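What follows is a short report on a single structure.
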Amino acid sequence: MKKPLAPTSSRRLKSQRSIVSWTMKRPKKVDISNYPPVCPLVGCSGLGHINGKDVIHITLSGCPFYHNMSFAKWIEMCSREEGLVIAESVKQVAASSESPSKAKNKLDRSYQFKTTQREPLLDDLATPIELYQFRRAQQLVVSTCEMEVREHLLLCARIASYSSTSEDTRSATEQRIRSVILGNWDIEPWYQSNYPADLCCLPCIYICEFCLTGMSYYVTYHRHKTKCGRTCPPGNEVYRKDNLSFFEIDGEHYQEYCQNLCLLAKLFLKQKTVWEEDQVPEFLFYVLTETDEEGSHIIGYFSKQKPDVEIDYSASKSVHYNLSCILILPPYQCRGFGRMLIEMSYTLSRLEQRIGTPERPLSDLGVIIYRRYWRYEILTYLSNYTDRSINIRTMSQELCIAIRDIVSTLLDMKMLICHRTKYYIINNKNDVDTLLSNMKPPSMDRRIDPSCLHWTPVQHGKSPSTTSGTSQKNLTSLV
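Number 479 marks the last residue of the sequence shown (full-length UniProt numbering); no jumps.
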C-alpha cells in the first residue's frame, strides 16, 4: 500500500483554508419573561381589549377595567355597531376575565411602570346616550391609533430582553416618551417626567403650547387646538418689548397650568423635583413668550419661591433666592434667552431691594449661563469703577449679586488674591477691558428694558401687581 503524500506548499491543509460561510446566523433567543409587557394597571391580568376583538392588551388605553367597563360590554358595543359575529374564543375570555381586584399578576417585571389610577367615573356627568357615544368614540380611537403604542412597548421589551445589565434595561424602558409635539416643534426629551400613566407609556405625546395640556393622540390634539380658547399664558403680563413678553403666574391661582409647566420642564431638567399639586402654590412662575399672529408661544420660564415673611423695604438688603428653576426649551437655546431670564430675576431683586442668588444645585447648563452673566456684570462694574479702593460688599449691594457668587467668579477669573490674611481685587483697567472685549456682549434685544417692565414688589401679603403712574416712575429710577 502506498503511503499518503505529504502536503506540499501548493496544497494547504483543511485547517489552513479560509472558508466563507453563507449560512444565516440564527437570531438570539428572546427571554420570554421580559416579552411582551403586561397591562400597567396593578392587578389586571391583561385579558380583553376595549376594541371588542382582541383577547389581550398591553396598554392602559386598551384596558377595559381602566375605563371602568367589563370586556363583555365592549364586545357587545362592537358587535352592535359593526355587525360582527364575535368568535367563541373571545366570548370565553370575556366570561373568564376577572376584575383587577381579584386577578393576580404573576409576572415580575420591575422595570415596567405600574399604576393603580383609573379613568374618572363618568356615569353622573352625562346622559346614557351621550356616555355611550363617548365610549364608542374611545373604542374607535384606540382601534385606529393604538398600533404605534403597542409596537413601541414591544420594542422596549425586546431591548430589555437583549440587555445584559439592569441599567441597560432601566434606560431602555423607563424613558418611554421619545418625542414631544409642542406647537410646530417635534422635540426629543432628555429625561423622564411624571406624566399620568396613560401618557408616559406613549412613544409620542402632544402638548398644547398655550395651556400645556398633554394629550395621547393627534386626533385629540387637533380637536383640542380648535376648541382651546387660550392664546397666551394665564396671569399678568408684566413685561413687553417688541414681540417678547413676560407673564407672572401665581401657582396658587393657576395650579393646573403651573403643574403642566413643571411636568414639561421635567422632561429636560434632571434636578427638577417640584411638580406636585401641593408644592406648586408655593412658587411664582415667570414665563417668557414670543408673540405672533397666532398667539404668545412659550420660550422658557423661571420660578422662584414666594417669600415666607413680609418684606421690610426700609431695612438693609438681605440675601434671598431669586430663582428656583430655569428652563429654555431646546428649540430656543443658544439664542440669548437664558441670560434674559437671569437678568429679569436680578431686575426683580433690585426692585425688591434684596440681594439675589439662585437655589442650588444648578444644572450644568445653569452653571455655565450664570457664570457668564456674573462675569459680564462684574467686569462691566469694574471697568466703570474709578475709586482707588473697592469693597466686595458694596459691589454686592449695587449689583444685587450675592457675595459668594462674586467671590467665586473673581477666583475663576484669577482677579482675587490673598496677601497677609487679606483678600484684594486686582482691578487692572487694561486687563479688565481686555477680558471684557473678549466676551461677546449680549444682544440689545435680549436685554431687559426697565421702561417696559410694569411690576411692583409684594407688600403686606398682597400678590404682585402691575404699576401705573407714579409707581412706574419709581420703578424706573430703582433699576
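Glycine is no exception: its CB is placed at the ideal position from the N, C-alpha and C atoms.
Because the structure is a prediction, the values reported are computed rather than measured.
In whole angstroms, what is the alpha-carbon distance linking residue i and residue j?
i: K352; j: Y191; result: Reading the sequence as shown, one finds Glu at residue 352 and not Lys. Distance between the alpha carbons of E352 and Y191: 35 Å.
i: N105; j: L47; result: Interpretation of N105 is limited by its pLDDT of 42, a score under 50 that renders its predicted location unreliable; the figure taken from the coordinates is listed afterwards. The straight-line gap from Cα to Cα measures roughly 11 Å.
i: I355; j: V319; result: 5 Å
i: L261; j: M215; result: 14 Å
i: Y217; j: G62; result: 14 Å
i: E81; j: H57; result: 21 Å
i: M415; j: I425; result: 6 Å
i: S363; j: C325; result: 9 Å
i: V407; j: P307; result: 26 Å
i: D433; j: Y321; result: 31 Å
i: S389; j: T380; result: 17 Å
i: A197; j: K227; result: 25 Å
i: T409; j: L284; result: 28 Å
i: T116; j: C44; result: 10 Å
i: C418; j: D412; result: 14 Å
i: Q279; j: E359; result: 16 Å
i: L131; j: I448; result: 52 Å
i: L269; j: Y195; result: 14 Å
i: R446; j: H454; result: 18 Å
i: V458; j: K241; result: 23 Å
i: S79; j: I129; result: 17 Å
i: E282; j: Q305; result: 6 Å
i: R393; j: I403; result: 7 Å
Quick check on residue i: does DSSP put it in helix, strand or coil?
i: D387; result: coil
i: S101; result: No answer about S101 holds up, because its pLDDT of 49 lies below 50 and its placement is not dependable.
i: R420; result: coil
i: R240; result: strand
i: H224; result: helix
i: I58; result: coil
i: G214; result: strand
i: C325; result: strand
i: D250; result: strand
i: F65; result: coil
i: R375; result: helix
i: C262; result: helix
i: Y381; result: helix
i: D364; result: helix
i: T394; result: helix
With 16 as the cutoff for other CB atoms within 10 Å, does residue i come out buried or exposed?
i: V367; result: exposed
i: S349; result: buried
i: R335; result: exposed
i: L329; result: buried
i: G338; result: buried
i: Y206; result: buried
i: L267; result: buried
i: H222; result: exposed
i: L140; result: exposed
i: F134; result: exposed
i: A137; result: exposed
i: A126; result: exposed
i: N34; result: With a pLDDT of 44 at N34, under the threshold of 50, the predicted position of this residue should be treated as unreliable, and no value is reported.
i: P441; result: exposed
i: V180; result: buried
i: T231; result: exposed
i: N184; result: exposed
i: H253; result: exposed
i: Y423; result: exposed
i: S303; result: buried
i: G229; result: exposed
Give a yes or no on whether 7 Å exceeds the smallest Cβ distance from residue i to chain B.
i: P358; result: The chain inventory of the structure shown lacks chain B, comprising one protein chain alone.
DSSP has residue i in a bridge; who is on the other side?
i: W185; result: L182
i: S296; result: T291
i: G356; result: H320, I401
i: F283; result: Q305
i: S245; result: R240, T289
i: D47; result: Sequence check: residue 47 is Leu here, not Asp. Partner(s): I56.
Name the two residues that bound the continuous alpha helix (DSSP H) containing residue i.
i: residue 480; result: Since the first and last residues shown for the chain are 1 and 479, residue 480 lies out of range.
i: R200; result: The question names Arg, but residue 200 in the sequence shown is Cys. First-last of the alpha helix (DSSP H) with C200: 197 to 200.
i: M413; result: Run containing M413: none; DSSP gives neither H nor E here.
i: Q271; result: Unbroken run through Q271: none, as it is neither H nor E.
i: K73; result: 71 to 82
Along the beta strand (DSSP E) that carries residue i, what are the first and last residues, could you check?
i: C334; result: C334 -> no beta strand (DSSP E), and no H or E assigned at all.
i: Y206; result: 204 to 207
Compute the minimum distance between the beta carbon of residue i and the heavy atoms of the ligand FMN, and state whether it is under 6 Å.
i: N322; result: This structure lacks the ligand FMN, and indeed carries no ligand of any kind.
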